[in-house]
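A.B. asks:
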Amino acid sequence: MKKLGRRITVAVAACGYSVAASVLLPVLAQSPATEAMAPTIKVQTAQVSTIPSTASIVVHALAGLPTDQLANGTQLDSIDLPKVDGISFTLYRVNDIDLTTQSGWDAASKIKLTDLYVDGKPTSRVTKVDTKKTDGGSVKFDNLTPSLYLVVQELNGAEAVVRSQPFLVAAPQTNPTGDGWLQDVHVYPKHQALSEPVKTAVDPDTTQPGFSVGENVRYRVATKIPEITPNTKFEGFTVADKLPAELGEPDIEKIKVTRGGTPITSPDVSVQTYKVGERTVLSVQLTGAALNTLDQYKNEELVVEFEAPVAKQPENGQLDNQAWVLPTNPTDKWDPEEDGDAALRGTPSSHVNSKYGQITIEKSFDGSTPGADRTATFQLHRCEEDGSLVKSDAPISLGGKQEFVTDQDGKAVLSGIHLGTLQLESNVMKYTDAWAGKGTEFCLVETATASGYELLPKPVIVKLEANQSTNVLVDQKVKIANKKKNAGFELPLTGGSGRIAITIGIVGLLVALASYVLSRRKDNL
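If you count by mature numbering (1 follows the signal peptide of the UniProt record, and there is no 0), then the sequence shown holds residues -29 to -1, 1 to 496, one letter each, in order.
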């Protein structure tokens, strides 16, 4: 009897190309029963005796949108997409499937993915072969016995990509021309990489410009929902922010999540905070219906907004921050900034860099040294170049204070002054002055001084500026000297000279009267 071969398409449920592994099913005769094994069966003549004794599977990791291009088991050199390194794949051999026999092909055609992989774990029907990471965009499993294999992408990828679904590959399989065997089988599960999220900082209130120490800063993290293969779901979706140590705990009550402008509320949002070293991580995860339907909102914008207080001034004057987006579920107390092979890495957002400055007052008193009983009090204002204060504006608050008193050494440090922020705007990093439209300078106004000294006659202008290139704390030292009252001259007491003259006159009269009385007594004796 003439030997015939039958080609079966084993569908690959991957997040990407519609990958198909075409395998040869040798049979002795065709029958309605074998025809019904799969709707994609194609009859192809081949010699069973030519099947290789070993095979290999090459898994390619490419980042991009799903396409309709059909893989056929050969290497596709025409695909021009970014290669992803460091993604781990585990290969499992399906038990009791020997593709060197007719019965093995029959059994392979009846296998279901749900028999082999349940609730994110392989079942007892498969045996692990190996786990490898992509290098140069691919990973090769070689010296395989002819069988059916399960390929599973692990979670600890080096880049944040939507994880491909587990899929089946037969190795070896018939080559595309149908006249021989394909010993090296190439598969292309597509990985939809996230576009870079955009993070920005805004002033949450109008009390005073910017977000100096003692005020809240509001951060906004925006990311596009990636397109994934139809009929697949996101396993999870997480937006996390590892806050700088200079920020306090975020206000959980003020967190807002929107999808395409529509608010998403509890119970479809899970929020938690936890410590990683000295820093707080804020994690916002989609759950429930919001997660289950997320695939329906491809390319729409998902936005997370939250507020946190600026607790202290950064030592280098730079409050630098970014967020991470992970299209899956994070590990417990996930550190989005962690490096290393075991790290589960999200896609980092653009940076937000807020710049800070401080003013150091060095006070002196003409003719005397500063002391605990010789201090001065100052307010900080915005003013114009000529020193005139911006009208209707209250004194600037720093750390909840509007007045700053010099110490016994004559010093006062006004720290944590927000100067401006460098962030992404319209795809360009742009620096924005926090005080734009509120005068051009900072001014110190003395409101109280030591006894015996004059108040400063006008505000002291202080140049405190930053720009896009500023990468240090902007620190201005201002030396201020107070003069004695009336330039050191004593003021005459009002009417004082007349009173002294009268007093002298009265005393003189009393002396003269006493002399007269004494002389009269002598005459009468």
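Every residue gets a Cβ at the ideal spot worked out from N, C-alpha and C, and that includes glycine. Because the structure is a prediction, the values reported are computed rather than measured.
In three-state DSSP terms, what is Q267?
C.D. replies: Residue state, collapsed to three classes: helix.
A.B. asks: Please work out which residues of its chain come closer than 6 Å, Cβ to Cβ, to T94, disregarding the five sequence neighbours upstream and downstream, and give them in chain order.
C.D. replies: For T94, where only same-chain residues beyond five positions count, the Cβ hits under 6 Å are L87.
A.B. asks: Of the choices A419, Y402, F182, whose alpha-carbon is the least far from that of K437?
C.D. replies: Going by the sequence as given, residue 437 is Ala instead of Lys. Nearest C-alpha to A437: Y402.
A.B. asks: DSSP on G391, reduced to helix/strand/coil?
C.D. replies: Three-state DSSP puts G391 in a strand.
A.B. asks: Measuring alpha carbon to alpha carbon, tell me which residue in N300, E412, Y63 is nearest F138.
C.D. replies: Checking every option, the nearest Cα to that of F138 belongs to Y63.
A.B. asks: For the alpha helix (DSSP H) containing K76, name the first residue and the last one.
C.D. replies: The amino acid at residue 76 is misidentified as Lys; the sequence shows Trp. Segment 73 to 79, the alpha helix (DSSP H) holding W76.
A.B. asks: With a Cβ-Cβ cutoff of 8 Å, do P301 and T418 count as a contact?
C.D. replies: Contact: no.
A.B. asks: Does DSSP classify K283 as helix, strand or coil?
C.D. replies: In the structure shown, K283 sits in coil (DSSP, three-state: anything other than H, G, I, E or B).
A.B. asks: Using DSSP with H/G/I as helix, E/B as strand and the rest coil, what is E224?
C.D. replies: Reduced to three states, the DSSP call for E224 is helix.
A.B. asks: Would you decide whether A(-1) is buried or exposed? Buried here means 16 or more other CB atoms lie within 10 Å of its CB.
C.D. replies: Because A(-1) carries a pLDDT of 25, less than 50, the predicted location of this residue cannot be relied on, and the following value inherits that uncertainty. A(-1) should be labelled exposed.
A.B. asks: I believe L265 touches I196 by the beta-carbon criterion, under 8 Å. Please report the beta-carbon distance rounded to the nearest angstrom.
C.D. replies: With a Cβ gap of about 6 Å, L265 and I196 count as contacting.
A.B. asks: Run the CB neighbour count on E355, radius 10 Å, all protein chains shown included, and call it buried at 16 or more, exposed below.
C.D. replies: Flag for E355 reads exposed.
A.B. asks: Looking at P117: is its Cβ nearer than 8 Å to the Cβ of A26?
C.D. replies: Yes; because the gap between Cβ atoms is below 8 Å, this pair is in contact.
A.B. asks: Which of the three DSSP states, helix, strand or coil, is assigned to T85?
C.D. replies: Helix at T85.
A.B. asks: Roughly how many angstroms separate the alpha carbons of K454 and Q243, rounded to a whole number?
C.D. replies: If I take the Cα positions, the gap works out to 57 Å.
A.B. asks: Leaving aside the five residues before and after K269 along the sequence, list all residues of the same chain whose C-beta is less than 8 Å from its C-beta, in chain order.
C.D. replies: The residues are I196, P197, E198, I199.
A.B. asks: Within a Cβ cutoff of 7 Å, which residues of the same chain sit near Q350, ignoring the five residues on either side of it in sequence?
C.D. replies: Within the same chain, Q350 has close Cβ partners P366, Q373, E374, V416, T418.
A.B. asks: Which word fits Y245, buried or exposed, when buried means at least 16 other C-beta atoms lie within 10 angstroms of its C-beta?
C.D. replies: The residue is exposed, with fewer than 16 neighbouring Cβ atoms inside 10 Å.
A.B. asks: Quick one: residues in its chain with C-beta nearer than 7 Å to the C-beta of K111, no 5 flanking neighbours on either side, listed in chain order?
C.D. replies: Result list for K111: S27, V29, in chain order.
A.B. asks: Can you give me the Cβ contacts of T98 inside the same chain, cut-off strictly under 7 Å, excluding the 5 residues immediately before and after it?
C.D. replies: Excluding residues within five positions, the ones whose Cβ falls inside 7 Å are Y63, R64, N66.
A.B. asks: Using 10 angstroms around the beta-carbon of N287, count the other beta-carbons present and answer buried if the total reaches 16, otherwise exposed.
C.D. replies: Exposed, because fewer than 16 other Cβ atoms sit within 10 Å of the Cβ of N287.
A.B. asks: First and last residue of the beta strand (DSSP E) that includes D446?
C.D. replies: Segment 445 to 453, the beta strand (DSSP E) holding D446.
A.B. asks: Does DSSP put K456 in a helix, a strand or coil?
C.D. replies: Note: K456 maps to helix in three-state DSSP.
A.B. asks: Apply the 10 Å Cβ neighbour rule to S486 and answer buried if 16 or more other Cβ atoms are within range, or exposed otherwise.
C.D. replies: Classification of S486: exposed, given that the 10 Å Cβ count is below 16.
A.B. asks: Provide the residue(s) that pair with Y120 in DSSP beta bridges, ordered along the chain.
C.D. replies: Bridge partners of Y120: R64, V140.
A.B. asks: Need the endpoints of the beta strand (DSSP E) that A26 sits in, please.
C.D. replies: It spans 26 to 31 - the beta strand (DSSP E) in which A26 sits, taken as one unbroken run.
A.B. asks: How many angstroms separate the CA atom of R316 from the CA atom of E308?
C.D. replies: Taking the straight line joining both Cα atoms gives about 8 Å.
A.B. asks: Please state if the CB of F60 and the CB of V123 are separated by a distance shorter than 8 Å.
C.D. replies: Contact flag set, yes.
A.B. asks: If you draw a straight line from the C-alpha of D378 to the C-alpha of P341, how long is it?
C.D. replies: Roughly 8 Å separates the two Cα atoms.
A.B. asks: Would you mind stating whether I432 and K382 have Cβ atoms separated by less than 8 Å?
C.D. replies: Result no, Cβ atoms of I432 and K382 do not sit closer than 8 Å.
A.B. asks: From G459 to E425, what distance separates their C-alpha atoms?
C.D. replies: For G459, the pLDDT reaches just 44, beneath the cut-off of 50, and the residue's location in the model is therefore unreliable, although a value from the coordinates is still provided. If I take the Cα positions, the gap works out to 10 Å.
A.B. asks: Taking only three categories from DSSP, how would you classify G219?
C.D. replies: In this structure, G219 counts as coil in the three-state DSSP scheme.
A.B. asks: Look up G149 in the DSSP assignment and say whether it is helix, strand or coil.
C.D. replies: Coil at G149, not helix or strand.
A.B. asks: Would you mind reading off the limits of the beta strand (DSSP E) that contains Q329?
C.D. replies: 323 to 336 is the span of the beta strand (DSSP E), which, as asked, contains Q329.
A.B. asks: Going by C-alpha to C-alpha distance, which of D90, A172, I22 sits closest to T396?
C.D. replies: One detail in the question is off: residue 396 reads as Glu in this sequence, not Thr. Of the candidates D90, A172, I22, the one whose C-alpha sits nearest the C-alpha of E396 is A172.
A.B. asks: Where does A211 sit, in a helix, a strand or coil, going by DSSP?
C.D. replies: Note: A211 maps to strand in three-state DSSP.
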